[in-house]
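Remarks on the structure that follows.
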Amino acid sequence: MKVYFVEDWLDGLYLGVQIESVVYTTRTKFQELAIFDTVEFGRMLTLDNVIQVTEVDEYIYHECIAHVPLLTHPDPKRVLLIGGGDGGTLREITRHQNIESITMVDIDEGVIEASKKYLPGFNQGFYDPRLNLVIQDGSVFVSETEERFDVIIIDSTDPEGPGEVLFTTEFYQSLRRLLTPSGIMCAQTESPLVMTQTVKDIYHRIADVFPITKIFNVPMACYPGGWWCFTCGSLGPDPEKPLREPEESWNLKFYSPEVHEKVFILGPKLKRDLGIRE
Ligand code: AG3
């Protein structure tokens, strides 16, 4: 018997992932969480029936969302991560030995607990002594904190449900206020192929707040359209120009200095669709 998990990407477009077994399901305070072992994507975590991570392609997303901003900032010491409860982004941040403190703010402790139990490839960052873990709505945290950060990373869900507030102009204004003078932020910003209007709206909201705004894009088989993007807002450093290289001992699988340069290339149609002129 073949059993499939189906994510409705859009009306008229879905992804079916054949399941080997259901590892864990729970209803957290905020969402339905499920972890499956799948035939092609390895272990997979879903929230409210939306695929968040799969073992097979998570490194593309996590390496890029972390190393693109961290390696373009001249010397990041204090890092803020909002969301990212599965731990994949945190795992990549903790590779940087020069970072002194990592504040991670996630609304849903249930996701972190599930990752600690069922996602062994993702969760080592939770045991890093530099981590200050805060369970709170990220939008509330950024509007109240007096702390300042060199790099801020937003590893959110889609802009629906608990993640929606992390895509507003007010939120981006708070991020700008929390950044040190050569600070940079990097957010996951959805599918350029099948959510183009959403990407465009987010891009322009960020560009209205930050002096430098750049989008980069990667393949992501498990996300809508198989094509995903991230947007960096910077107060100084050019997100396209890494100032340092990753250590060989990190054994990265996707990110490299060459990849860093290439992921910022957008095709002419996408640039037009997003209203990006340069
Ligand atoms: N966060 C972005 C997931 C968005 C996926 N959207 C979808 N499948 N419709 C992923 C969290 C990774 N740490």
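Just so we're on the same page, my numbering is the position in the sequence shown counted from 1, plus 43.
Built from N, CA and C at the ideal position, the CB exists for glycine as well.
Its chain contains Leu114, Thr115, His116, Pro117 and Pro280 as the residues whose beta carbon lies nearer than 8 Å to that of Leu286, once the 5 sequence neighbours on both sides are disregarded; these appear in chain order. In this structure the region 202-219 touches the region 238-251; the number of beta carbon pairs closer than 8 Å is three or more. Under the 8 Å Cβ criterion, the region 143-151 counts as touching the region 125-134, having at least three qualifying pairs.
In this structure, the C-beta of Ser199 approaches the ligand AG3 to less than 7 Å from one of its heavy atoms. Bounds of any beta strand (DSSP E) do not take in Thr239; it lies within the alpha helix (DSSP H) bounded by Thr239 to Val252. For Leu56, the number of other beta carbons within 10 angstroms of its own is below 16, and it is reported as exposed. Short note on Ile94: C-beta closer than 7 Å to some heavy atom of the ligand AG3. By a beta-carbon distance limit of 8 Å, Ile196 does not contact Ile255. Their separation comes to about 17 Å. Taken through DSSP and simplified to helix, strand or coil, Leu58 comes out as strand.
The residues Asp80, Thr81 and Val82, in chain order, have a CB closer than 7 Å to that of Glu63 in the same chain once the five nearest residues on each side in sequence are set aside.
Here Val99 has Phe84 and Gly85 as same chain residues with Cβ atoms under 6 Å from its own Cβ, once five neighbours each way along the sequence are excluded. In terms of Cα proximity to Val122, the closest of Trp293, Phe48, Cys229 and Arg70 is Cys229. Rounded to whole angstroms, the Cβ separation of Leu309 and Ile258 is 6 Å, and the two are in contact under 8 Å.
Glu152 and Asp251 have their C-alpha atoms some 33 Å from each other. Under the three-state reduction of DSSP, Ala264 is assigned to coil, being neither helix nor strand. Nearest in C-alpha terms to Ile78, of all of Leu53, Thr137, Met238 and Leu162, is Leu162. For Ile249, the CB contacts under 7 Å within the same chain, skipping 5 residues up- and downstream, are Tyr215, Thr256, Thr274 and Gly276 in chain order. Secondary structure of Gly181 (DSSP, three-state): helix. Of the other Cβ atoms in all chains shown, fewer than 16 fall within 10 Å of the Cβ of Asp54; this residue is therefore exposed.
A straight line joining the alpha-carbon of Lys159 with that of Leu317 spans about 38 Å. Taken atom to atom, the span from the alpha-carbon of Trp270 to that of Ile125 is near 22 Å.
Less than 8 Å divides the Cβ of Ile142 from the Cβ of Lys120.
Distances from the alpha-carbon of Val96 to those of Phe192, Ala264 and Asp180 put Ala264 closest.
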